[in-house]
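Chemist: Chain order of the listed sequences is G and U.
Under my numbering, the first sequence has 419 at position 325, and the numbering climbs by one with no breaks.
Under my numbering, the second sequence has 308 at position 214, and the numbering climbs by one with no breaks.
Take this structure first; my questions come after.
Protein chains: 2
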Amino acid sequence: MNQAEKAFGKLLDHLRETALLQASMRLLSWDQETHMPPGGAEIRAGQLAQLAGLIQRRRRAAVLGRLLEESRPLAEGVPPDADVAVILREAQRDHDRAKRIPVRLAEQRARLRVLARRAWVEARAERDFARFRPWLDKVFKLMRRWADALGHDGNPYDALVDDYERGETARSLADLFAPLREALPALLGRIRDHGRPVDASPLSRLCPVDAQRGLARAACETVGFDFARGDLTDTVHPFCSGLSPEDVRITTRYRAEAFIDGFFSALHEAGHGMYEQGLPAGEFGTPLGQACSFGIHESQSRLFENLVGRSAGFWRHFFPRVRSAFAGVFDDVAAGDFHRAVNQVRPSFIRVDADEVTYNLHIFLRFDLEQAILAGDLKPRDLPGAWNERFAALFGLTPAHDAEGCLQDVHWGATLVGYFPTYTLGNIYAAQIYERARAELGDLDEGFARGEFAPLLRWLGEKIYRHGRRYPPAELAERVAGAPRSPAALVRHLEARAAETYGL
Amino acid sequence: MNQAEKAFGKLLDHLRETALLQASMRLLSWDQETHMPPGGAEIRAGQLAQLAGLIQRRRRAAVLGRLLEESRPLAEGVPPDADVAVILREAQRDHDRAKRIPVRLAEQRARLRVLARRAWVEARAERDFARFRPWLDKVFKLMRRWADALGHDGNPYDALVDDYERGETARSLADLFAPLREALPALLGRIRDHGRPVDASPLSRLCPVDAQRGLARAACETVGFDFARGDLTDTVHPFCSGLSPEDVRITTRYRAEAFIDGFFSALHEAGHGMYEQGLPAGEFGTPLGQACSFGIHESQSRLFENLVGRSAGFWRHFFPRVRSAFAGVFDDVAAGDFHRAVNQVRPSFIRVDADEVTYNLHIFLRFDLEQAILAGDLKPRDLPGAWNERFAALFGLTPAHDAEGCLQDVHWGATLVGYFPTYTLGNIYAAQIYERARAELGDLDEGFARGEFAPLLRWLGEKIYRHGRRYPPAELAERVAGAPRSPAALVRHLEARAAETYGL
Numbered sequence: 095m096n097q098a099e100k101a102f103g104k105l106l107d108h109l110r111e112t113a114l115l116q117a118s119m120r121l122l123s124w125d126q127e128t129h130m131p132p133g134g135a136e137i138r139a140g141q142l143a144q145l146a147g148l149i150q151r152r153r154r155a156a157v158l159g160r161l162l163e164e165s166r167p168l169a170e171g172v173p174p175d176a177d178v179a180v181i182l183r184e185a186q187r188d189h190d191r192a193k194r195i196p197v198r199l200a201e202q203r204a205r206l207r208v209l210a211r212r213a214w215v216e217a218r219a220e221r222d223f224a225r226f227r228p229w230l231d232k233v234f235k236l237m238r239r240w241a242d243a244l245g246h247d248g249n250p251y252d253a254l255v256d257d258y259e260r261g262e263t264a265r266s267l268a269d270l271f272a273p274l275r276e277a278l279p280a281l282l283g284r285i286r287d288h289g290r291p292v293d294a295s296p297l298s299r300l301c302p303v304d305a306q307r308g309l310a311r312a313a314c315e316t317v318g319f320d321f322a323r324g325d326l327t328d329t330v331h332p333f334c335s336g337l338s339p340e341d342v343r344i345t346t347r348y349r350a351e352a353f354i355d356g357f358f359s360a361l362h363e364a365g366h367g368m369y370e371q372g373l374p375a376g377e378f379g380t381p382l383g384q385a386c387s388f389g390i391h392e393s394q395s396r397l398f399e400n401l402v403g404r405s406a407g408f409w410r411h412f413f414p415r416v417r418s419a420f421a422g423v424f425d426d427v428a429a430g431d432f433h434r435a436v437n438q439v440r441p442s443f444i445r446v447d448a449d450e451v452t453y454n455l456h457i458f459l460r461f462d463l464e465q466a467i468l469a470g471d472l473k474p475r476d477l478p479g480a481w482n483e484r485f486a487a488l489f490g491l492t493p494a495h496d497a498e499g500c501l502q503d504v505h506w507g508a509t510l511v512g513y514f515p516t517y518t519l520g521n522i523y524a525a526q527i528y529e530r531a532r533a534e535l536g537d538l539d540e541g542f543a544r545g546e547f548a549p550l551l552r553w554l555g556e557k558i559y560r561h562g563r564r565y566p567p568a569e570l571a572e573r574v575a576g577a578p579r580s581p582a583a584l585v586r587h588l589e590a591r592a593a594e595t596y597g598l
Numbered sequence: 095m096n097q098a099e100k101a102f103g104k105l106l107d108h109l110r111e112t113a114l115l116q117a118s119m120r121l122l123s124w125d126q127e128t129h130m131p132p133g134g135a136e137i138r139a140g141q142l143a144q145l146a147g148l149i150q151r152r153r154r155a156a157v158l159g160r161l162l163e164e165s166r167p168l169a170e171g172v173p174p175d176a177d178v179a180v181i182l183r184e185a186q187r188d189h190d191r192a193k194r195i196p197v198r199l200a201e202q203r204a205r206l207r208v209l210a211r212r213a214w215v216e217a218r219a220e221r222d223f224a225r226f227r228p229w230l231d232k233v234f235k236l237m238r239r240w241a242d243a244l245g246h247d248g249n250p251y252d253a254l255v256d257d258y259e260r261g262e263t264a265r266s267l268a269d270l271f272a273p274l275r276e277a278l279p280a281l282l283g284r285i286r287d288h289g290r291p292v293d294a295s296p297l298s299r300l301c302p303v304d305a306q307r308g309l310a311r312a313a314c315e316t317v318g319f320d321f322a323r324g325d326l327t328d329t330v331h332p333f334c335s336g337l338s339p340e341d342v343r344i345t346t347r348y349r350a351e352a353f354i355d356g357f358f359s360a361l362h363e364a365g366h367g368m369y370e371q372g373l374p375a376g377e378f379g380t381p382l383g384q385a386c387s388f389g390i391h392e393s394q395s396r397l398f399e400n401l402v403g404r405s406a407g408f409w410r411h412f413f414p415r416v417r418s419a420f421a422g423v424f425d426d427v428a429a430g431d432f433h434r435a436v437n438q439v440r441p442s443f444i445r446v447d448a449d450e451v452t453y454n455l456h457i458f459l460r461f462d463l464e465q466a467i468l469a470g471d472l473k474p475r476d477l478p479g480a481w482n483e484r485f486a487a488l489f490g491l492t493p494a495h496d497a498e499g500c501l502q503d504v505h506w507g508a509t510l511v512g513y514f515p516t517y518t519l520g521n522i523y524a525a526q527i528y529e530r531a532r533a534e535l536g537d538l539d540e541g542f543a544r545g546e547f548a549p550l551l552r553w554l555g556e557k558i559y560r561h562g563r564r565y566p567p568a569e570l571a572e573r574v575a576g577a578p579r580s581p582a583a584l585v586r587h588l589e590a591r592a593a594e595t596y597g598l
């Protein structure tokens with residue numbers, strides 16, 4: 095073994111040790127949102143800050159820089175998408191970015207995540223924005239420091255976006271979204287004015303939560319989430335956390351009067367979960383074992399939630415199970431009507447429960463507001479007013495209280511500023527990827543109706559999951575879709591679904 | 095602030111940082127036994143070994159030794175049970191012992207705990223000792239190295255016991271237990287030969303597991319476990335894990351045909367849990383915020399499981415809730431008969447489900463066998479034979495398979511060699527402590543019948559919980575009991591209960 099090979103071996107060890115700490119941090123966070131009693135938050139903040147500090151020290155470590163340097167000869171003369179080239183390129187990028195974030199700032203962020211999130215949970219439960227306001231202030235101040243530490247060309251938002259979606263900026267995303275901003279209100283208007291009515295009232299019938307839990311699990315299993323390597327748990331705000339491909343935790347929430355919301359959230363998280371389960375386990379800790387980006391991640395969650403989960407084929411297969419899970423409740427509802435109901439398009443308050451058309455309007459609202467706050471153009475204390483005003487303009491509705499307005503999402507309390515646009519990016523990628531899958535695999539819907547979901551999952555694993563961070567996200571999306579990225583496929587999909595549901 | 099005060103401040107910070115890592119380790123272990131999918135074991139072993147290594151490094155650190163040294167003047171001229179004296183004495187003891195255990199050995203033990211435990215779960219499920227045997231080998235070999243590293247006067251078992259119960263040796267425990275070894279078979283014989291029959295058959299009636307879960311929770315709440323600062327979860331082998339007084343996890347297991355077993359296990363763990371919740375939260379990380387010993391810990395679990403949980407007063411209060419939880423199942427059973435049933439004394443295979451009399455025989459069996467294995471007098475491969483032979487001699491029964499024999503307990507798979515005697519020590523202390531509580535608080539049973547459990551818990555908190563490691567365990571027990579330790583109180587208790595149950 096030569097010098098470079100030796101260094102590379104040590105580099106892999108270093109990366110894996112860091113990944114073990116990250117997996118521990120993820121478990122502590124998962125527990126915080128699923129099992130930790132409220133009193134545990136102080137100690138948990140200390141635990142997470144401590145681990146964040148240990149991780150940040152490792153990611154910045156001079157020894158890591160040296161190992162990268164010494165390994166470099168191995169990447170010479172090999173294609174840029176060869177394993178060793180990918181590992182060295184991505185690990186170098188991580189190291190370079192980590193060096194800009196002081197250990198202390200990483201610790202502060204980890205601590206703030208726990209405490210701001212706790213304040214958010216309480217404020218949301220009590221519909222009391224004032225309780226969350228000081229924390230929102232702290233979050234945006236800290237994330238402004240974070241952005242400045244990372245560095246940017248004038249717009250701090252760019253630095254944050256790049257953390258979730260390398261290569262993107264506020265501008266590149268706004269440009270990509272522009273045709274959607276244009277098309278969606280028009281589609282919404284056509285549905286409202288010309289669609290044949292959809293009766294979604296059966297969806298608010300009372301369904302026992304225990305039965306919902308079993309059904310959500312069955313749905314995740316049906317589309318391919320592997321419960322031998324993962325679990326589904328209750329939470330306040332649904333999320334997915336992958337400790338390793340062998341241990342992936344997904345969560346959802348249940349309300350007796352709105353079973354379909356928790357159901358689709360479970361499918362959404364299962365989409366994330368299957369991506370995590372599909373990463374190469376042998377590459378644990380290396381960039382090849384990590385998901386490509388949050389936008390690609392959201393493309394998988396939104397694909398399973400919507401493209402698969404709201405398809406006619408899925409419901410032909412799955413509606414009988416809904417019927418038998420809630421004995422008697424849906425006996426008078428025809429399968430086709432149920433499928434139309436779950437595709438109802440109607441302005442509503444809660445993003446995660448929104449239909450496919452209005453969903454992106456929810457994102458645009460947040461995308462605009464978080465940029466304004468980060469830039470200092472909007473004060474956190476003015477958020478509720480600004481939210482409600484824009485919401486009324488976009489949706490024609492005014493939230494009755496902040497829990498169905500600006501307090502509904504966990505993200506800002508969790509310091510995830512700049513994350514929201516990855517959802518619309520995910521929707522765009524998902525539609526393109528799904529079009530391509532249908533072109534290559536034939537009529538997926540017919541397969542779903544027979545309960546066959548494996549071919550799609552296999553294809554996604556082959557095209558996306560197994561590659562980890564081999565390609566930058568935009569490049570990966572274009573490779574898979576076989577076309578330049580564009581919201582056109584998403585618009586086509588939404589129009590087709592509107593045709594199916596509303597006879598347009 | 096002088097030099098010593100400055101050093102002491104830094105010492106407290108050092109101890110708290112270590113405690114944060116320990117809390118993270120405990121959460122990872124709790125998760126391993128409650129939620130982790132089987133595939134997660136490899137990564138989990140890596141995570142726990144890593145944290146064990148970080149902790150061991152901190153506990154051995156030269157800087158810790160220096161801070162202890164520099165703080166020493168603060169303990170001069172103060173009483174030995176003053177806070178600062180206790181912290182310095184106990185932290186010094188921990189540091190001295192930690193220095194004898196190499197980091198690598200601590201890492202190996204943490205890794206082995208995960209992998210050996212997984213092998214145990216599988217072997218137990220398949221009733222296949224051969225699957226566990228190589229791991230049992232590894233555990234005893236490693237624990238022999240651990241004992242030798244700690245140092246001992248010829249008997250390695252002493253070093254391990256001292257880890258759980260400072261000041262005890264194989265000899266001191268054997269001497270303490272001797273009168274019990276004598277008294278119990280005689281009591282068992284009298285019950286068998288002269289007791290009026292007890293009908294325990296209602297206890298095997300089918301009780302839905304969901305209702306059991308709710309009832310176990312209600313029972314823990316009734317005796318004083320605080321669910322705002324803790325939680326109760328399902329597991330394979332019941333245990334308690336305190337991350338901090340604000341976050342205490344207890345677990346139990348349920349079988350439809352033996353509801354009372356999971357019920358008493360829950361009360362047992364609630365006893366542990368209330369001790370953890372009663373430690374002074376402000377002392378997190380210092381010896382004053384840590385439980386005194388495992389023997390004292392078990393005295394609290396066994397006290398709530400048996401002295402409280404099998405009392406007439408408890409069942410006068412609680413039986414109506416059992417009746418309504420399992421609608422119809424116990425309608426034909428009188429409260430008094432139910433209480434006699436839960437106090438039935440009869441040789442049986444499973445330790446944690448054993449009655450109060452035979453329970454200690456289960457411990458003696460394990461106490462003898464683990465000493466023999468550690469000393470090399472018994473080969474792990476010969477364990478099933480040795481177990482069954484001694485079991486037949488003690489109980490007059492032969493296990494049908496190893497899952498109801500030598501594979502029943504998690505302890506050896508979790509590297510807890512030397513732990514078992516703390517249960518009988520706990521029983522002895524519990525009886526003495528409870529006698530004293532009755533002397534000071536009056537008729538506890540009458541209070542229980544009215545649902546009043548708080549006075550006892552308050553008293554225990556005052557006498558035991560709030561002191562942390564202020565006194566060595568044997569001294570604490572004697573202080574609380576107001577008498578030298580002895581199994582006499584336990585024998586008196588068992589005879590009184592036999593009189594009540596069997597009319598002896």
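Every residue, glycine too, gets a C-beta built ideally from N, C-alpha and C.
Rank R260(G), D426(G), L401(G) and H433(G) by C-alpha distance to the C-alpha of F412(G) and give the top, closest one.
Modeler: Of the listed residues, the one whose Cα sits closest to F412(G) is H433(G).
Chemist: Would you kindly check if the distance between the Cβ of R138(G) and the Cβ of P374(G) is under 8 Å?
Modeler: Not in contact: P374(G) and R138(G) (Cβ atoms no closer than 8 Å).
Chemist: Please compile the residues from chain U whose C-beta is within a distance smaller than 8 Å of the C-beta of I137(G).
Modeler: Neighbours of I137(G) on chain U, chain order: L114, A117, L337, S338, E340, D341 and F378.
Chemist: Can you name the residues of chain G whose CB is closer than 7 Å to the CB of L122(U)?
Modeler: Result: S118 and L121.
Chemist: Run the CB neighbour count on V574(U), radius 10 Å, all protein chains shown included, and call it buried at 16 or more, exposed below.
Modeler: So V574(U) ends up on the buried side.
Chemist: Is H129(G) close to chain A, meaning its C-beta is less than 8 Å from at least one C-beta of that chain?
Modeler: In summary, chain A is missing from the structure at hand, where the protein chains are G and U.
Chemist: Which residue marks the beginning of the alpha helix (DSSP H) containing I390(U), and which one marks its end?
Modeler: F388 to R396 is the span of the alpha helix (DSSP H), which, as asked, contains I390(U).
Chemist: Would you please verify whether the beta carbon of R381(G) is less than 8 Å from any beta carbon of chain U?
Modeler: For clarity, residue 381(G) is Pro in the given sequence; the question names Arg instead. Not closer than 8 Å to any Cβ of chain U, the Cβ of P381(G) fails to qualify, so no.
Chemist: Within the continuous alpha helix (DSSP H) that includes D287(U), where are the two ends?
Modeler: A264 to H288 is the span of the alpha helix (DSSP H), which, as asked, contains D287(U).
Chemist: List the DSSP bridge partners of S338(U).
Modeler: S338(U) is bridged to D341(U).
Chemist: Consider the Cβ of P132(G): report whether some Cβ of chain U lies at a distance smaller than 8 Å.
Modeler: Closer than 8 Å: yes.
Chemist: Quick check on the DSSP output: the alpha helix (DSSP H) that includes G555(U) runs from which residue to which?
Modeler: Start and end: A548 to K557.
Chemist: Would you call the CB atoms of L162(U) and L105(U) closer than 8 Å?
Modeler: Against a cut-off of 8 Å, the Cβ pair of L105(U) and L162(U) comes out as a contact.
Chemist: Starting from R323(G), find everything on chain U with Cβ-Cβ shorter than 7 Å and list it in chain order.
Modeler: Ordered by position in chain U, the residues that pass the 7 Å Cβ test against R323(G) are P131 and G133.
Chemist: With a threshold of 16 other CB atoms inside 10 Å of the CB of T112(U), please say whether the residue is buried or exposed.
Modeler: Buried is the call here.
Chemist: What is the C-beta distance between S338(U) and G365(U), in whole angstroms, given that I count them as a contact (C-beta under 8 Å)?
Modeler: Wrong, their Cβ atoms sit about 18 Å apart, outside the cutoff.
Chemist: Name the residues in the stretch 145-157 of chain G whose C-beta lies less than 9 Å from a C-beta of chain U; which are they?
Modeler: Flagged, chain order: L145 and L148.
Chemist: At the 8 Å Cβ level, is G140(G) part of the contact set with chain U, yes or no?
Modeler: Yes, G140(G) lies at the interface with chain U (some Cβ there is under 8 Å from its Cβ).
Chemist: Rounded to the nearest angstrom, what separates G245(G) and D107(G) at their Cα positions?
Modeler: If you take the alpha carbons of G245(G) and D107(G), they lie about 29 Å apart.
Chemist: Do P302(U) and V427(U) have their C-beta atoms within less than 8 Å of each other?
Modeler: Contact flag unset, no.
Chemist: Could you list the residues in the stretch 204-231 of chain G with a C-beta less than 7 Å from some C-beta on chain U, going in chain order?
Modeler: Residues passing the 7 Å Cβ filter: none.
Chemist: Note down, in chain order, every chain G residue with its Cβ under 9 Å from the Cβ of E111(U).
Modeler: Residues of chain G passing the Cβ test: G140 and Q144.
Chemist: D125(U) CB to nearest chain G CB: under 8 Å?
Modeler: Yes, D125(U) counts as interfacial toward chain G.
Chemist: T516(G) bridges to which residues according to DSSP?
Modeler: None, per the DSSP bridge assignment.
Chemist: Classify T380(G) as helix, strand or coil using the three-state DSSP reduction.
Modeler: Coil.
Chemist: Over what stretch of residues does the alpha helix (DSSP H) that includes L254(G) continue unbroken?
Modeler: Start and end: P250 to Y258.
Chemist: Can you tell which of R154(G), E529(G), R198(G) and R307(G) has the C-alpha that lies nearest to the C-alpha of D190(G)?
Modeler: Of R154(G), E529(G), R198(G) and R307(G), the residue nearest in Cα terms is R154(G).
Chemist: Looking at L182(G) and R166(G), is the spacing between their C-beta atoms short of 8 Å?
Modeler: It is a contact, given that the beta carbons lie within the stated cut-off.
Chemist: Could you check what DSSP says for T452(G) in three-state terms: helix, strand or coil?
Modeler: Reduced to three states, the DSSP call for T452(G) is helix.
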